[in-house]
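For what it's worth, my numbering labels the leading residue of the sequence shown as 5, then goes sequentially.
Even for Gly, the Cβ is constructed at its ideal location relative to N, Cα and C.
Remember, it's a predicted structure, so these values are computed and weren't measured experimentally.
As structure tokens, the structure follows; a few thoughts come after it.
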Amino acid sequence: VGSENEHDPHTRELVGELICKCSEIMTPCGAYNRIKADTPGHAGVIVIGQIRFEPGKIIGKMLRGSVEYAFFVATAGPGPETLSRSLISSGKFLEGYIADLIGSAIAESAADQVQEQIRIVAAQEGMKITNRYSPGYCSWDVSEQQKLFGLFRKGCCGITLSGSSLMS
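In structure tokens:
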């Protein structure tokens, strides 16, 4: 019996192998659009042209007074997701789950890098940025991703959005 802090050698080996594999097949990509607000953010509503986002009171409070927004998308590319699905469909559920987690971590890192670029540009213009928020956070209805994706060219960074607002 090992201590609670010991890791299963088999799982550790799987994670290492899958990190290497996902690193080889990832194609991270990110893009953003800076858009001036029609009116400063208030009361949980963001209006951009004909698009009305309703992120809710919590996010609305954080974005209150914003005069410009940076909307962005980021991805690890199709490789990790394809690998995960392939592993799961062949009955390798643990490996597929681990590959999915690694793909998510890569996508999150891509989002961090896009946000850092936005922060740098904003600072050069004497502005500050907030934390990032996405549909699905803090009661913001995930269906509003349909509106968000309307701000980008179709297939931007190879990302597609299903009718139920699931990104692939």
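Considering only their Cβ atoms, is the gap separating residue j from residue i smaller than 8 Å?
i              : j              : result
valine 77      : cysteine 26    : no
glycine 143    : glycine 60     : In the sequence on display, residue 143 carries serine and not glycine. Taking 8 Å as the Cβ cut-off, serine 143 and glycine 60 qualify as a contacting pair.
isoleucine 110 : methionine 30  : yes
leucine 22     : isoleucine 106 : yes
glycine 64     : valine 49      : yes
glutamate 113  : valine 146     : According to the sequence displayed, residue 113 carries serine and not glutamate. The answer is no: Cβ separation not under 8 Å.
leucine 155    : asparagine 37  : yes
glutamine 117  : glycine 34     : yes
Please state whether DSSP places residue i in a helix, a strand or coil.
i             : result
arginine 1    : What is shown of the chain runs 5 to 172, which leaves residue 1 out entirely.
cysteine 33   : strand
leucine 105   : helix
alanine 78    : strand
lysine 158    : coil
methionine 66 : helix
arginine 38   : strand
leucine 165   : strand
With residue i and residue j assumed to form a contact (beta carbons below 8 Å), what rounded beta-carbon distance in angstroms separates them?
i             : j                : result
arginine 136  : alanine 115      : 7 Å
isoleucine 39 : phenylalanine 75 : 7 Å
Exposed or buried, what is residue i when buried is set at 16 or more other beta-carbons lying within 10 Å of its beta-carbon?
i             : result
glutamine 149 : buried
valine 71     : exposed
threonine 43  : exposed
aspartate 104 : buried
glycine 100   : buried
threonine 164 : exposed
Just to confirm, does residue i get its C-beta within under 7 Å of one of the non-hydrogen atoms of the ligand ZN?
i            : result
cysteine 160 : Here there are no bound small molecules, and the ligand ZN is not part of this structure.
Within 8 Å (strictly less), CB to CB, does residue i reach chain D?
i             : result
glutamine 117 : Of the chains in the structure shown, none is chain D; there is only one protein chain.
Three or more beta-carbon pairs under 8 Å between the region 41-57 and the region 11-24, yes or no?
no
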